[in-house]
Structures are given as C-alpha cells and as structure tokens.
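Please read the structure below before turning to the comments.
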Amino acid sequence: MRLLVINGPNLNLLGVREPHIYGTQTLADIEMDLRDSFPDVAFDFFQSNHEGAIIDRIQSVIGSAYDGVLINPGAFTHYSYAIRDAIAALSVPVIEIHLSNIHMREEFRRHSVIAPVCTAQLSGFGSTGYRLAVTTLAHSHHTSHTQ
Ligand code: DQA
Numbered sequence: 833m834r835l836l837v838i839n840g841p842n843l844n845l846l847g848v849r850e851p852h853i854y855g856t857q858t859l860a861d862i863e864m865d866l867r868d869s870f871p872d873v874a875f876d877f878f879q880s881n882h883e884g885a886i887i888d889r890i891q892s893v894i895g896s897a898y899d900g901v902l903i904n905p906g907a908f909t910h911y912s913y914a915i916r917d918a919i920a921a922l923s924v925p926v927i928e929i930h931l932s933n934i935h936m937r938e939e940f941r942r943h944s945v946i947a948p949v950c951t952a953q954l955s956g957f958g959s960t961g962y963r964l965a966v967t968t969l970a971h972s973h974h975t976s977h978t979q
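Note that this note's numbering has the sequence shown beginning at 833, numbered continuously upward.
See below:
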C-alpha cells in the first residue's frame, strides 16, 4: 500500500509551536514513527506552508499509484475551498487529521470546509491520529483486495 501524508502551514514547527496544544513531537518524529509502525506501507511525506504547493501535491495523486492520502491542512482547513476542490477531484480515500480537538477551541476552528469531501476526520488524538488513519486505510485496502 502506498500513502501520501500531507501537512500544511506551520506544521513544520511542531515540537516548538505551542507544545501545550500540539505536543512536543516534531513532524520528523511523527513521520519516522509512521514508517516504524507500518513497515509494509510505502510512505511519501510532504509539508508546505503554501496553498498552491499543497494543491499541486494533491493533484499529483491523480493517475498515481497512491492508495490513499492523510492530510492535516493546518489553518487552511477552515477556509481553503481550493484545497477542498482538489481533494474532491480524487478517487482514493482521504483522511483529515488534526492534532488538537478543533471542536473545543476557538469558534473559527470548529468549521472544516475540507471534512465534507474526506472519508473521515480525526481530531484531538494528537500524533496518534496519524497512526489511526493509516490503520483505517490499511484495513479498507485489505478488505477491498480480498473481496
Ligand atoms: C491543526 C488545527 C488548526 O486549526 C491549526 O490551524 C493548525 C493545526 C491541528 O493539527 O490541530 O495549524 O490542524
């Protein structure tokens, strides 16, 4: 199984950025943990602070060998219709991830324009959310390949 893991703006600062909210693990720690936890999954990791670069990477999934996408769109979650449209163009499952529970924070974070075009949303599980998303995609991939 081949998965693309996309992290959006300010997630390159994990470990340093508001650790009481986002934890002390760096993005590199989270990525290494995924590779260690799922040795049979081929991961590609991408992080960008730029909306257009994230859209280009999402579009690269079309016609590729990826079986699914994990995305933490950062603050773009709350207002990027362009990222939403890019995700809507994909036919593989996409799981939206947030380290924090966006529903118990500021009002503007409670709404995701991304969620309606995703398979699932994981919010508030910290870095475990990334592992939960891979477990979910691996399960549905296995099921669809054994039917
Ligand atoms: C976040 C939540 C967003 O509201 C915020 O802008 C982020 C991180 C999270 O992982 O909890 O950058 O997506």
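For each residue, glycine too, the CB sits at the ideal point set by N, CA and C.
{"Item": "Beta carbon of L838 nearer than 8 Å to that of F878", "Value": "Reading off the sequence shown, one finds Ile at residue 838, where the question assumed Leu. Contact flag set, yes."}
{"Item": "Assumed close pair D876, L836 - CB separation to whole angstroms, cut-off 8 Å", "Value": "5 Å"}
{"Item": "L902 beta carbon near the ligand DQA (any heavy atom closer than 7 Å)", "Value": "no"}
{"Item": "The region 892-902 contacting the region 934-944, beta-carbon criterion three pairs below 8 Å", "Value": "no"}
{"Item": "Coarse secondary structure for L836, derived from DSSP in three states", "Value": "strand"}
{"Item": "Contacts around R834, its chain only, beta-carbon distance under 6 Å, and the 5 residues preceding and following it disregarded", "Value": "A874, A897, Y898, D899"}
{"Item": "C-alpha gap between A947 and A970, whole angstroms", "Value": "20 Å"}
{"Item": "I934 (DSSP reduced to helix, strand or coil)", "Value": "helix"}
{"Item": "Selected residue, minimal CA-CA separation from R916, among L866, G855, H974, S944", "Value": "S944"}
{"Item": "Reduced DSSP category for F957 - H, G, I as helix; E, B as strand; rest coil", "Value": "coil"}
{"Item": "Endpoints, alpha helix (DSSP H) assigned at G884", "Value": "883-891"}
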